[in-house]
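Trainee: Quick one: structure below, then a few questions.
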Amino acid sequence: MEESPYIVEMRHITKRFPGIVANDDVSIGVKKGEIFAILGENGAGKSTLMSMLFGMYEPDEGQIFIRGKEEKITSPSYASHLNIGMVHQHFKLVSNYTIAENIVLGVEPMKKAAGFLPCVDRKRANEEIAALSKQYGLEVNPTDVISKVNVSTRQRVEILKMLYRKAEILIFDEPTAVLTPQEIDSLLRIIRNLRDGGKTIILITHKLEEIKQVADRCAILRRGKLIGTYDVASMDTKEMANLMVGREVALTLEKAPASFGKTVLSVSHLTVKNEDGFPVVKDVSFEIREGEIFAIAGVSGNGQTQIADAIAGLLPAAEGKISILGKDLAPLDIRSRARAGLSYIPEDRQTTGLVLDFALSDDLALRRYNREPFEHRGVRDQKTTNTFGEELIGKYDIRSANGVATIVRSMSGGNQQKAIVAREIEEDAKLTIFVQPTRGLDIGAIENIHRQILGERDKGKAVLLISLELDEIMQLADTIGVIYSGSIGKIAPASEFTTAEVGEYMMGVKHA
Amino acid sequence: MSAESKKYLKAAVLSVLVSLLAGAVVILILGKNPLSAYYNLLQGVGLAPKPRYGGGQSMLTDLSSYVDYWTPMIFAALSYAVAMRCGLFNIGISGQMLIGGFAATVLVGYSGLPAGIAKPLVVIIGILFGMAGGALIGYLKYRFNVNEVVSSIMINYIAEYVISFMIQTSYIDPVSRQSRAIGDNARLSFHQVLIGGYKYDLPIGFLIAIVTMLLVKFVFDKTVFGFELRAVGTNRTASRYIGIHVGSRIVLSMAISGALAGLAGVTYYLGYVNSIQPRVLLSTGYDAIAVGLLGNNDPVGIFFASFLIEIISKGSTYLQSQAGLEAEIADVITGLILLACACNFYFMERMGRKEKKHAERN
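Note that the protein sequences, when read in sequence, are chains A and B. Using this note's numbering, read the first sequence as starting at 15 and increasing by one per residue. Using this note's numbering, read the second sequence as starting at -14 and increasing by one per residue.
Shown next, in the form of structure tokens:
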């Protein structure tokens, strides 16, 4: 048998799902000890390909070779037996267990209590994990409970879980989607350390900058097909983007100079408390004018979504005043606030923004279904609903399998988001709130959403943008407020901030 | 019919066939002929001729009696479906039936009012008291976040024992040990009506059931209210975000569900029978879950599903007398249908999940 240069090789892999070819004759080879990136838009088939390597699906056609030997990977446990580990985009942790318990779960070190009773050796688990985390520079406290630690720690726990199981081939599925700039830097450092320690890393992502920073080689997928495998050093991000999307893309948008009008939203001394009565938003005040994009930058969980929810009426304001065009919102319920001139693109598009089991036409009409001409005396007008849906599909380029009749659950994340944006913008409200509008979306969809946001501003609307993506904020915002621990530390025109400076305020290092 | 309902219909028919087959095996093991046993079921409800009939009886007599028996189940299953539409599990249907039935019995059943007033009054009282029972569960859920399953089971017990106490202290018939029989003026079924030499049972409730079924269908499929119920039932967070008053929808759907259960109660206690047996909670409310599941919680689906389930239930009496099989075999078959249906549901869910998973990955 010829010696293969690859530790992982997938040859001519084809995987079909009802109505779609997720992977079409894809062949890749990963060398031992390299960082290999898999780049592609949402729906390009990156996750499917890696799911086959991890044993969650089996390919319809093609072969997988691990360390030169052909393998049928039938289950994740078999993959783990082959020393393949995966850090999923959505963490799979037991939230009321400690870090150590989560890591050893399923492969617990045992001891005999009182000489014969088998039980988990917690002490040894804690020690082993402390040693492991030190070895790879992944700082965690083994006895902390998962529900009490932050996202980046949880991710480190996932990584440790793989290492504890002696994984040699580590797959990361969109690992930076939930992290702050500083956390991303530290993760990329960890990934590099792992490689230098002899591990093989496969990185699934659509973020070009990260690939440029850490990857040795990358495979680009587009619509299930392999476009090619490239040396990262030999090309720039623009080229990668074009290959990934299949056309010229604008990485930065043209932005017309701002012209502000009168004040639309005014928030003064807003305090919001959580269920335990603890203030999560503390004495926040700001104003947004016509034609202005006001962005709130901050690390996840610092109260920014609560500000949006309080404005929309989903959360009660403990103190303070919120008004739109001088009209106090306090006495209005959720629906009346929307009528008063407020559109809201929520953070969680799948559980808040949409009813996933509804047809697209119904979801697009969610703001209007109870008004003429969408209903007459309590009876819905399906025809008007469908016509309206078709109009929006065309206008906002929402793609789906069966037009307005498509069940929204089956649509891609990008098109789901486009549907929400279409519905909310179409309300023609004075103020539009965007929370994490491009999370998890690919370049093409991001570009589309960003154009919509700028379009609103140029139409003279007020826009409140809440995002964890600093690049997005720097690119779009006219004014930036940085939130840390529930308080907005500094508000200033975007031009007066540098990215690093915003990052420092976000971490609470710098105070106004 | 949408592709989704077609798929469901296929699954439902398949589960029925599979369970009848499995039931046949059980009957074979008991040493009887399954085909003749199933034929006995049909004979028992007047869908096939019996070899002999008593005086003044015919196949149609049996059929009319069957329809009388079937009617409360249509209401009960609709009641289940309305709550389910809003994402609520109304397991208190039997209790709400008892509340409605008892209230109508004591308020109108012994009154001697003229039939033209008494009968509509029975219906209205059934609706109002059932509604109150349902709304209470909905309110507890909305106001104090009490799980509706827990509260409805508890209310079932309370209704059962309080009403038993009241019957045994004030309304008992010393001979039958049941509540005293209501007057025919208040009864929603005409019993033993002689037409052309044969006797029939004619339930007024069946007509109301058909109208109600169509009405619920219309509300579900066409109205803004039905749309909101479905939104709340499938995604409460999104419903709130869009500005639907989730709490009021929960209370309202439980109230309507209770009202339908009340109708089931009066068509049973003041229709098919004319008295209430103390300390017995009907199984109708629980069987309604099987019917709802088999009928995909669609009013029309429920209509046919209840027809089928009640054939097995009512026909079993005749089956017992003819084939010497215990009537409980009916419960076995119904149980099998429920099981097969739940499995189908599981497979459909799994298919759906696979598609969803796949959609999410892409």
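Beta carbons are placed, not taken as given, at the ideal position from N, Cα and C, and that holds for glycine. Bear in mind the structure is a predicted one, so any value in this text is a computation, not a measurement.
Using a Cβ-Cβ cutoff of 9 Å, what residues of the region 212 to 244 of chain B are near chain A? List them in chain order.
Mentor: Those residues of the region 212 to 244 of chain B that come within reach of chain A (Cβ to Cβ, closer than 9 Å) are F212, E213, R215, A216, T219, N220, T222, A223, S224, R225, Y226, I227, G228, I229, H230.
Trainee: Is the beta carbon of G94 (chain B) sitting closer than 7 Å to the one on I140 (chain B)?
Mentor: Cβ distance not < 7 Å, so G94 (chain B) and I140 (chain B) don't count as in contact.
Trainee: Go ahead and pull the three-state DSSP assignment for K29 (chain A).
Mentor: Note: K29 (chain A) maps to strand in three-state DSSP.
Trainee: According to DSSP, which residues form a beta bridge with H390 (chain A)?
Mentor: A:V393.
Trainee: Runs of 4 residues minimum, wholly inside the region 13 to 53 of chain B: which ones carry the alpha helix (DSSP H) assignment?
Mentor: If we require 4 residues or more, the alpha helix (DSSP H) runs fully inside the region 13 to 53 of chain B come out as 19 to 29.
Trainee: Which residue marks the beginning of the beta strand (DSSP E) containing D531 (chain A), and which one marks its end?
Mentor: Absent from the model: residue 531 (chain A). The displayed extent of chain A is 15 to 526, so no value can be given.
Trainee: With distances taken Cα to Cα, identify the nearest neighbour of T190 (chain A) among A:M176, A:N207, A:L222.
Mentor: T190 (chain A) has its Cα closest to that of A:L222, out of A:M176, A:N207, A:L222.
Trainee: Counting only beta-carbon atoms, is I321 (chain A) nearer than 7 Å to chain B?
Mentor: No, I321 (chain A) does not count as interfacial toward chain B.
Trainee: Please report the distance separating the alpha-carbon of Y519 (chain A) from that of G495 (chain A).
Mentor: Roughly 10 Å separates the two Cα atoms.
Trainee: Can you check whether the C-beta of V527 (chain A) is within less than 7 Å of a C-beta belonging to chain B?
Mentor: Past the boundaries of the shown model lies residue 527 (chain A); chain A is included only from 15 to 526, so the question cannot be answered.
Trainee: Under 7 Å Cβ to Cβ from K45 (chain A), same chain only, skipping five residues before and after it: list those, please.
Mentor: If we look at K45 (chain A) and ignore the five residues flanking it on each side, its Cβ neighbours are P19, Y20, I21.
Trainee: Looking only at its own chain, which residues have a Cβ that is under 7 Å from the Cβ of S43 (chain B), when we skip the five neighbours before and after it?
Mentor: Hits under 7 Å: Y183.
Trainee: Assuming N281 (chain B) contacts A(-3) (chain B) (C-beta within less than 8 Å), just tell me the rounded distance between them.
Mentor: At roughly 7 Å, the Cβ-Cβ gap stays under 8 Å, so N281 (chain B) and A(-3) (chain B) are in contact.
Trainee: Compute the Euclidean distance between the alpha carbons of D456 (chain A) and L378 (chain A), then round it to the nearest angstrom.
Mentor: The straight-line gap from Cα to Cα measures roughly 22 Å.
Trainee: Please determine if the region 212 to 226 of chain B and the region 19 to 31 of chain B are in contact, where contact requires at least 3 C-beta pairs separated by less than 8 Å.
Mentor: Segments in contact, no.
Trainee: Would T208 (chain B) count as contacting chain A if we go by Cβ distances under 7 Å?
Mentor: Yes - at least one Cβ of chain A is within 7 Å of the one on T208 (chain B).
Trainee: According to the Cβ coordinates, are V259 (chain A) and G428 (chain A) closer than 7 Å?
Mentor: In this structure, G428 (chain A) does not lie closer than 7 Å to V259 (chain A) by Cβ.
Trainee: Would you kindly work out how many angstroms separate the C-alpha atoms of Y271 (chain A) and G305 (chain A), rounded to a whole number?
Mentor: Looking at the sequence itself, residue 271 (chain A) is Pro, so the reference to Tyr does not match. Using only the alpha carbons, I get a separation of about 10 Å.
Trainee: Can you find the residues in the same chain that come closer than 7 Å, C-beta to C-beta, to I421 (chain A), ignoring five residues on each side of it along the sequence?
Mentor: Closer than 7 Å at the Cβ level, and outside the excluded window around I421 (chain A), lie D371, A373.
Trainee: Does the beta-carbon of N220 (chain B) have 16 or more other beta-carbons within 10 angstroms, so that it is buried, or is it exposed?
Mentor: Answer is buried; the Cβ neighbour count reaches 16.
Trainee: How would you write the range of the alpha helix (DSSP H) that E133 (chain B) sits in, first residue to last?
Mentor: Start and end: 133 to 151.
Trainee: List the whole-angstrom C-beta distance separating L304 (chain B) from A312 (chain B), where the pair is believed to meet the contact cut-off of C-beta under 8 Å.
Mentor: The Cβ separation is near 7 Å, so the contact holds.
Trainee: Here's a check: name, in chain order, each residue in its chain whose Cβ is nearer than 7 Å to the Cβ of N347 (chain B), leaving out the five neighbours to either side.
Mentor: For N347 (chain B), the predicted model reports a pLDDT of 43, less than 50, meaning its position is unreliable and no value from the coordinates is stated.
Trainee: How would you call L279 (chain B), buried or exposed, if buried means at least 16 neighbouring beta carbons within 10 angstroms?
Mentor: Flag for L279 (chain B) reads buried.
Trainee: Which residue wins for smallest C-alpha separation from D245 (chain A), given the options A:D230, A:K239, A:K252, A:E253?
Mentor: Among A:D230, A:K239, A:K252, A:E253, the Cα nearest to that of D245 (chain A) is on A:D230.
Trainee: If you draw a straight line from the C-alpha of C326 (chain B) to the C-alpha of I318 (chain B), how long is it?
Mentor: Cα to Cα, the separation comes out at about 12 Å.
Trainee: Check whether the Cβ atoms of V251 (chain B) and G86 (chain B) lie closer than 7 Å to each other.
Mentor: Against a cut-off of 7 Å, the Cβ pair of G86 (chain B) and V251 (chain B) comes out as a contact.
Trainee: Please go through the region 413 to 477 of chain A and give each complete beta strand (DSSP E) segment of 3 or more residues, from N-terminal end onward.
Mentor: As far as the region 413 to 477 of chain A is concerned, its whole beta strand (DSSP E) runs of at least 3 residues are 445 to 449.
Trainee: Under 7 Å between the Cβ atoms of A103 (chain B) and N18 (chain B)?
Mentor: It is not a contact, given that the beta carbons lie outside the stated cut-off.
Trainee: Would you verify that the beta carbon of D38 (chain A) is, or is not, closer than 7 Å to some beta carbon of chain B?
Mentor: No, D38 (chain A) lies away from the interface with chain B (no Cβ there is under 7 Å from its Cβ).
Trainee: Which first and last residues belong to the alpha helix (DSSP H) in which E295 (chain B) is found?
Mentor: Start and end: 284 to 308.
Trainee: Measuring alpha carbon to alpha carbon, tell me which of A:A491, A:I497, A:S499 ends up nearest P507 (chain A).
Mentor: Nearest option by C-alpha distance: A:A491.
Trainee: Does M70 (chain A) come out as helix, strand or coil in the three-state DSSP assignment?
Mentor: M70 (chain A) falls in the coil class under three-state DSSP.
Trainee: Determine the DSSP secondary structure at E311 (chain B), reduced to helix, strand or coil.
Mentor: It is coil, neither helix nor strand.
Trainee: Does any residue of chain B have a CB that is nearer than 7 Å to the CB of T527 (chain A)?
Mentor: The requested residue 527 (chain A) is not part of the displayed model; chain A covers only 15 to 526.
Trainee: What did DSSP end up calling A352 (chain A) once you bin it into helix, strand or coil?
Mentor: Of the three classes helix, strand and coil, the one that applies to A352 (chain A) here is helix, per DSSP.
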